[in-house]
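Asks: FYI, in my numbering the residues of the sequence shown are 52 to 525. I have a structure here, written as structure tokens, and I will follow up with some questions on it.
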Amino acid sequence: MKDYSVIVIGAGPAGIFTVLEMYKHVSPRTKILIVDEGRSIDHRNCPARVNGVCVGCKPCNIMSGWSGAGAFSDGKLSLSEEVGGNLTDYLPVDKVRELIKYTDSVYLDFGAPELIHGLNDRKVDEIAYECSKHNIHLVRCPVRHMGTEYSFEVLRAMYEYLCKIEGFSFMENTHADPIIENGAVTGAELTFKNGEKKTVTADYVVAAPGRGGAQWLAKIAAENDLGTKNNEVDIGVRVEVPNSVMDPVTKHLYEAKMVYYSDTFESKVRTFCMNPGGIVSEEHYNAGFNTFKDSIAVVNGHSYADETMHTENTNFAMLVSTKFTEPFNQPIEYGRYIAQLGNMLTGGGVMVQRLGDLLLGRRTDYTRLKKSTTRPTLVTAVPGDLSFVLPHRHLTSIIEAIRAFDKIVPGLYSKNTLLYGIEVKFYSSKITVSDSFETKVKGLYAIGDGAGITRGLMQASVTGVVVARDICGK
Ligand SMILES: Cc1cc2nc3c(=O)[nH]c(=O)nc-3n(C[C@H](O)[C@H](O)[C@H](O)COP(=O)(O)OP(=O)(O)OC[C@H]3O[C@@H](n4cnc5c(N)ncnc54)[C@H](O)[C@@H]3O)c2cc1C
52 MKDYSVIVIG AGPAGIFTVL EMYKHVSPRT KILIVDEGRS IDHRNCPARV NGVCVGCKPC
112 NIMSGWSGAG AFSDGKLSLS EEVGGNLTDY LPVDKVRELI KYTDSVYLDF GAPELIHGLN
172 DRKVDEIAYE CSKHNIHLVR CPVRHMGTEY SFEVLRAMYE YLCKIEGFSF MENTHADPII
232 ENGAVTGAEL TFKNGEKKTV TADYVVAAPG RGGAQWLAKI AAENDLGTKN NEVDIGVRVE
292 VPNSVMDPVT KHLYEAKMVY YSDTFESKVR TFCMNPGGIV SEEHYNAGFN TFKDSIAVVN
352 GHSYADETMH TENTNFAMLV STKFTEPFNQ PIEYGRYIAQ LGNMLTGGGV MVQRLGDLLL
412 GRRTDYTRLK KSTTRPTLVT AVPGDLSFVL PHRHLTSIIE AIRAFDKIVP GLYSKNTLLY
472 GIEVKFYSSK ITVSDSFETK VKGLYAIGDG AGITRGLMQA SVTGVVVARD ICGK
């Protein structure tokens, strides 16, 4: 008899929903283990979010632990199959819609707010109409916004619910590697914080390592010949402007997902992760389980649902998507390299530049930043010059897209618009999986952002539901 029925590697939304859905179908005595390199939810806190100074937690508390990258996320649940992943490459559209509806209902059961933004069709139609005049595509996507505080609480409620189930166990501060023998998974090797190791057996192993674990999963895929495809790499900046600039769209949509093909390169530039009244934040990728070495600092953003905690600014990512073709097959390394270049110039953190300085070909320094009427919410960001970091294609495309979007939200193309770099989204190599996300290794599943299948809370959670149903149907 095996130690566990299922071992889930990674306690982000994909892993959590695997376990939640499993227990809807199996006895509460069924032994399911979920492990994470990071800490349990109540022990997770990010010093940088409290006092503005990143102390280099190992691993990064924003990215790791119960709830994964979801814990301190903005908690926007995107309720359209068009946003947050590639699920429709694996499943029929109707099925994906049904799964999103179901998964959303589980979030509601655990306390997500009732309000959905972007359902006011007349206003959304008006914004889309305006966009169409300027070669901008508005992606329609209703959003349930949990906000950073409720996102944390909802995912904590899931933890508390699971802890009451007899067969459930969670191991924090534990790294896991699947054990594969003769084309089938047999369990996992666990490595604890003190370096000790333990082997545990299981019928199924679900790898849900998130973007932070993408390289780890890509290595396992290469060693076991699982088959991978290059995914896009999205590189760009986080834009910060006063709320007054973005209110005309965010008041109706919460998040305006706009897409523009740049004039010079026809590169796809899109707005992403919009946070009205939000805060720009710093996070670290691949700090490694027991080391801070080789980690990279990148920029992100979030906001609270509670309006009393809103800032005077709105932030959002502006990303240029590139899908590399043969012979190049290291998109993650490419993204890391550019982020590292930015880190090198700042002494290890995030860079900020005023758009006006960028257009004038000069560095933003502390004196120039002080003159900005847009006050940076990431106070640790180091003023610098993004033209030393971003490739010409990316920089030009971002500037052209900001100019285009200014027609929808006047004031965006302004000298005091702040650009933080680098924002990079690693969509990892897409691991080859079946339509139920099983790899060619029997019993080994790969899901969520780390498998290159998803890029957001909702779709990551859906992959967990699909896997659990598949396992329970066997
Ligand atoms: C600041 C911020 C804001 C965001 N805002 C939003 C938003 O508003 N809406 C949205 O849809 N998405 C948002 N996202 C993205 C969202 O959080 C992710 O898409 C989602 O969490 C992915 O879920 P996942 O389960 O695939 O991976 P993750 O949540 O990344 O979880 C993976 C977990 O696996 C663990 N792990 C990795 N490898 C191992 C290993 N070998 N052994 C043990 N544990 C391992 C990691 O420690 C991590 O905890 C945001 C992300 C950030 C960082």
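Glycine residues also receive a C-beta, built at the ideal position from the N, C-alpha and C atoms. None of the values given here were measured: they were computed from a predicted structure.
Taking only the alpha-carbon atoms, compute the straight-line gap between P442 and L406 and give it to the nearest angstrom.
Replies: Reading the sequence shown from its first residue, position 391 is the one you call residue 442. Reading the sequence shown from its first residue, position 355 is the one you call residue 406. So the two alpha carbons sit approximately 16 angstroms from each other.
Asks: If you follow the alpha helix (DSSP H) that Y55 is in, where does it begin and where does it stop?
Replies: If you number the sequence shown from 1, residue 55 lands on position 4. Element bounds for Y55: not the alpha helix (DSSP H) but the beta strand (DSSP E), 55–60.
Asks: Does the region 488–506 come into contact with the region 254–270, if we say contact requires no fewer than three beta-carbon pairs (one atom in each stretch) closer than 8 angstroms?
Replies: Yes, they touch.
Asks: So what does DSSP say about L84, is it helix, strand or coil?
Replies: On the sequence shown, residue 84 is found 33 positions in, with the first residue counted as 1. Correct three-state label for L84: strand.
Asks: Where DSSP assigns a beta bridge to Q404, which residues make up the other side?
Replies: To locate residue 404, count along the sequence shown from 1; it is residue 353. L470.
Asks: How about M114: is its Cβ closer than 8 angstroms to a heavy atom in ligand 1?
Replies: Position 63 of the sequence shown, counting from 1, holds the residue named residue 114. Indeed, a heavy atom of ligand 1 lies less than 8 angstroms from the Cβ.
Asks: Can you tell me which of F219, K249, F221, Y212 puts its alpha carbon nearest to the alpha carbon of D228?
Replies: In the sequence shown, the residue the question calls residue 228 occupies position 177. Checked all of F219, K249, F221, Y212; the closest Cα to D228 is K249.
Asks: Quick check on R173: does DSSP put it in helix, strand or coil?
Replies: Here residue 173 corresponds to residue number 122 of the sequence shown, with the count starting at 1. Helix.
Asks: What residue from R100, G386, M369, T418 has the CA that sits closest to E283's CA?
Replies: On the sequence shown, position 232 is the one that residue 283 refers to. It is G386.
Asks: Can you give the Cα-Cα distance for V518 and E489, rounded to whole angstroms?
Replies: By 1-based counting over the sequence shown, the position of residue 518 is 467. By 1-based counting over the sequence shown, the position of residue 489 is 438. C-alpha separation (whole angstroms): 8 angstroms.
Asks: Looking at G89 and R506, is the spacing between their C-beta atoms short of 9 angstroms?
Replies: Within the sequence shown, numbered from 1, the residue matching residue 506 stands at position 455. Within the sequence shown, numbered from 1, the residue matching residue 89 stands at position 38. No, these two residues do not count as a Cβ contact at 9 angstroms.
Asks: Verify the contact flag: S124, CB atom, against every heavy atom of ligand 1, threshold strictly below 8 angstroms.
Replies: Along the sequence shown, one-based indexing puts residue 124 at 73. Yes, the Cβ of S124 comes within 8 angstroms of a heavy atom of ligand 1.
Asks: If you measure from the CB of L508, is any heavy atom of ligand 2 nearer than 8 angstroms?
Replies: With respect to ligand 2, the structure offers nothing, as its ligand set consists of ligand 1.
Asks: Count the other CB atoms within 10 Å of the CB of N171; is the residue buried (16 or more) or exposed (fewer)?
Replies: Taking the sequence shown and counting its residues from 1, one reaches residue 171 at position 120. N171 is exposed by the Cβ-count criterion.
Asks: Heavy atom of ligand 1 less than 8 angstroms from the Cβ of E283, yes or no?
Replies: In the sequence shown, the residue the question calls residue 283 occupies position 232. E283 Cβ: outside cutoff for every heavy atom of ligand 1.
Asks: Give the DSSP-derived three-state secondary structure of F477 in the structure shown.
Replies: One-based indexing of the sequence shown puts residue 477 at position 426. Three-state result, F477: strand.
Asks: Between I230 and ligand 1, is there a pair consisting of the residue's CB and a ligand heavy atom that are separated by less than 8 angstroms?
Replies: Locating residue 230 in the sequence shown gives position 179, counting from the first residue. No, ligand 1 has no heavy atom inside 8 angstroms of this Cβ.
Asks: Using the three-state DSSP reduction, which class does L189 fall into: helix, strand or coil?
Replies: Position 138 of the sequence shown, counted from the start, is the residue given in the question as residue 189. Here L189 sits in strand by DSSP.
Asks: Tell me whether the beta-carbon of V310 lies closer than 9 angstroms to the beta-carbon of A432.
Replies: As a working note, residue 310 is residue 259 in the sequence shown. As a working note, residue 432 is residue 381 in the sequence shown. No.
Asks: Just tell me which of I286, R454, K374, S448 has its CA closest to the CA of Y388.
Replies: Your numbering for residue 388 matches position 337 in the sequence shown. Of the candidates I286, R454, K374, S448, the one whose C-alpha sits nearest the C-alpha of Y388 is I286.
Asks: Taking 8 angstroms as the cut-off, does the region 187–194 touch the region 293–310 (at least 3 CB pairs, one atom from each stretch)?
Replies: Touching, yes.
Asks: Does the separation of the CB atoms of S578 and E451 fall below 9 angstroms?
Replies: Since the first residue shown for the chain is 52 and the last is 525, residue 578 is missing from the structure and cannot be characterised.
Asks: Taking 9 angstroms as the cut-off, decide whether the C-beta atoms of D408 and T418 are in contact.
Replies: Stepping through the sequence shown from its first residue, residue 408 is reached at position 357. Stepping through the sequence shown from its first residue, residue 418 is reached at position 367. No, the pair does not count as a contact, with Cβ atoms beyond the cut-off.
Asks: Could you tell me whether the region 158–169 touches the region 90–107, using the rule of 3 or more Cβ pairs below 8 angstroms?
Replies: The region 158–169 is not in contact with the region 90–107.
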